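Residues in the sequence shown are numbered from 1 upward in steps of one, following the UniProt record's numbering.
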Amino acid sequence: MKAIVQRVLKASVTVGEEVVGSVGQGICILLGISRDDNHKDTEFMVRKLLNLRLFEDENGKRWTKSVKELNLEVLCVSQFTLQCVLKGNKPDFHGAMMADKSEAFFEDFMDKLAKSYNPDKIKGGKFGAHMQVHIQNDGPVTIEVNSPPPRQKKKTQPRGEKEVEQKEEEERISERLNSTEI
């Protein structure tokens, strides 16, 4: 999952002439869902996005407060194009989750975002619609956030073997130092 997060003074989403979501000060999240994303990615991203320190504190110290700490608003828009890979000059969206699955996934993401914060502070676009996103970026501040890739199992040596190898390496270094005339 990939998110482009912008600190905003205000932001809104329109479909045609209808405003379907708008916020004042806070963040605007453009969210790209990949075909490999799961509930762990959702949990990670919700936690990360709500706690991302993009705002000043009351003393003007930068990068110390999150949208959640300051009780600000969040506008979240699904954007499959964030999962693009360029093939020459042509965008390829095969990495994006298919629309039939991603709509339910996005709705679940929005529910978790609301439950982890304040439902009245969370606004969204209209999934699958051709939207116009109006953003008044503050700063400008734009941050990319990615869910962690699936963990690979590390190849580990038994503790004894690793210690033996380390001791042998130390001995080789010591021999080289002793054989070098200073």
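Where is the CB? At the ideal position from N, CA and C, for every residue including glycine.
Quick caveat: nothing in here was measured; it's all calculated off a predicted structure.
Comparing C-alpha positions only, which one of 75, 141, 33, 49 sits nearest to residue 24? The sequence position of residue 24 within the sequence shown is 24, counting from 1. Out of 75, 141, 33, 49, 75 has the C-alpha closest to the C-alpha of residue 24.
Residue 163: buried (16+ other C-beta within 10 angstroms of its C-beta) or exposed? Taking the sequence shown and counting its residues from 1, the one referred to as residue 163 is at position 163. Burial call: exposed.
Reference residue 186, options 106, 38, 56, closest by Cα: A query on residue 186 cannot be resolved here, the shown segment of the chain reaching from 1 to 182 and no further.
Per-residue DSSP class, three states only, for residue 64: Looking up residue 64 in the sequence shown gives position 64. Residue 64 sits in coil when the DSSP states are folded into three classes, being neither helix nor strand.
Along the chain, which unbroken stretches of the alpha helix (DSSP H) at least 4 residues long are found entirely within the segment 40 to 119? 99 to 115, all fully within the segment 40 to 119.
Run of the beta strand (DSSP E) containing residue 130, from where it starts to where it stops: As a position in the sequence shown, residue 130 is number 130, starting the count at 1. Careful: residue 130 lies outside any beta strand (DSSP E) and carries neither H nor E.
To the nearest angstrom, report how far apart residue 104 and residue 114 are at their CA atoms. Here residue 104 refers to the residue found at position 104 of the sequence shown. Here residue 114 refers to the residue found at position 114 of the sequence shown. Approximately 15 Å between the Cα atoms of the pair.
Any 3 or more C-beta pairs closer than 8 Å across the segment 86 to 96 and the segment 13 to 27: no
Backbone secondary structure at residue 10 - three-state DSSP: Here residue 10 corresponds to residue number 10 of the sequence shown, with the count starting at 1. Three-state DSSP puts residue 10 in a strand.
Taking only three categories from DSSP, how would you classify residue 17? Position 17 of the sequence shown, counted from the start, is the residue given in the question as residue 17. Residue state, collapsed to three classes: coil.
Cβ of residue 28 within 9 Å of Cβ of residue 46? Residue 28 sits at position 28 when you count from the first residue of the sequence shown. Residue 46 sits at position 46 when you count from the first residue of the sequence shown. Contact flag unset, no.
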